[in-house]
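Report on the structure given below.
Number of protein chains: 2
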Amino acid sequence: MPEISLNHLAVVVDNLDDALAFWCGALGLPRAGARQSITGEGVDVAFLNLGDSHLELIQPTAEDSGVARYLAKRGPGLHHFCLEVPDLDRVLQALRDSGVELINEVPRERDGRRYAFVHPGSACGVLLELYERI
Amino acid sequence: MPEISLNHLAVVVDNLDDALAFWCGALGLPRAGARQSITGEGVDVAFLNLGDSHLELIQPTAEDSGVARYLAKRGPGLHHFCLEVPDLDRVLQALRDSGVELINEVPRERDGRRYAFVHPGSACGVLLELYERI
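Each protein sequence line maps, in turn, to chains B and C.
Taking this note's numbering, the leading residue of the first sequence gets 15, the next gets one more, and so forth.
Taking this note's numbering, the leading residue of the second sequence gets 15, the next gets one more, and so forth.
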């Protein structure tokens, strides 16, 4: 069976510039591309290289976004992580067969990838993203 | 400069057997070694392979442990992650020079590694472990 690997680990932050000063400036993680504004989701994001995977820093830019509500409720910190799987449909069916609750019963598609989130209530409190390259 | 990589990502769980049923049984992550009891820290842990890094599942076994208090306060979920660095002393000094607060000013040593934790207040709410093989 092909291997499941970590694609990225995401941290919600108050201020992306301050976060970059810590993770890149002080700690020395290299940037992976430019800062991006995802206006549809009300967030600015930046990716850093973490060996074969990435650290994603997410700053909410709209007060009504899910990430803004998360930040207001829980404060900054670890938000989710994303595993790359070789066959998303097979994995999702195996999870359903085990009684796991999915947030996205039908995978979403964006930028050459299909992805779905598993409900934290079924994943030890973790917001888990599963994704497949297409 | 040698690369910083992710060594492991740790999740606090209520019940290690239930957690293994999800992460290994339903999702298919392979085990990396046997379950271990770390009595000095009041936890049982299990490691799973996640590409080149690991997912650590931590169940508190003593009510007065730090992890038990974390679980009681925040519930199960993402707890910390650990970056492997090539020169821990150099990284810690660079962090101090940037005003970052460390939990362990003097690195601890165990099982062929030196490690220190960064305070979440200086790391975007993340409990960050830094470690070096010795």
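Even for Gly, the Cβ is constructed at its ideal location relative to N, Cα and C.
Neighbours of C:S136 across chain B, judged by C-beta separation under 8 angstroms: F36. Shown here, C:C138 sits in coil according to DSSP, grouped into three states, outside any helix or strand. For B:S51, no Cβ of chain C is located within less than 8 angstroms of the residue's own Cβ. In this structure C:V132 is buried. Its beta-carbon is surrounded by 16 or more other beta-carbon atoms within 10 angstroms. Across the set C:A24, C:L20, C:I18, the C-alpha of C:A24 shows the shortest separation from the C-alpha of C:H93. Apart from sequence neighbours up to five positions away, the residues of its chain that approach B:N29 with a beta-carbon distance below 7 angstroms are Q73, ordered along the chain. With respect to the C-alpha of C:Y129, the residue from C:Q50, C:P121, C:G39 having the closest C-alpha is C:P121.
In the three-state DSSP reduction, B:A130 falls in the strand class (E or B). In this structure, DSSP gives B:G65 a state outside helix and strand, which the three-state scheme calls coil.
Look at B:G80 here: in three-state DSSP terms it is helix. For the C-beta of B:I18, the chain C residues within less than 8 angstroms are, from N- to C-terminus, L41, G42, L43, L64, G65.
Residues of the region 73-95 of chain B with a C-beta less than 9 angstroms from any C-beta of chain C: R88, G89, P90, G91, L92, H93, H94, F95, listed in chain order. The three-state reading of DSSP puts C:R147 in strand, counting E and B together. With a threshold of 16 other beta carbon atoms within 10 Å, B:D78 falls short and is exposed.
Going by beta carbons, C:L64 and B:S136 fall outside the 8 angstroms limit. The residues A33, L71, Q73, P90, in chain order, have a CB closer than 6 angstroms to that of C:V27 in the same chain once the five nearest residues on each side in sequence are set aside. By the Cβ-count criterion, B:S67 is buried, with 16 or more other Cβ atoms from all chains shown falling within 10 Å of its own Cβ.
Between C:G47 and C:E119, the alpha-carbon positions lie close to 31 angstroms from each other.
In the three-state reduction of the DSSP assignment, C:R122 falls in the strand class, which pools E and B. For B:A48, there is no enclosing alpha helix (DSSP H), since its DSSP letter is neither H nor E. No Cβ of chain C is located within less than 8 angstroms of the beta carbon of B:L102.
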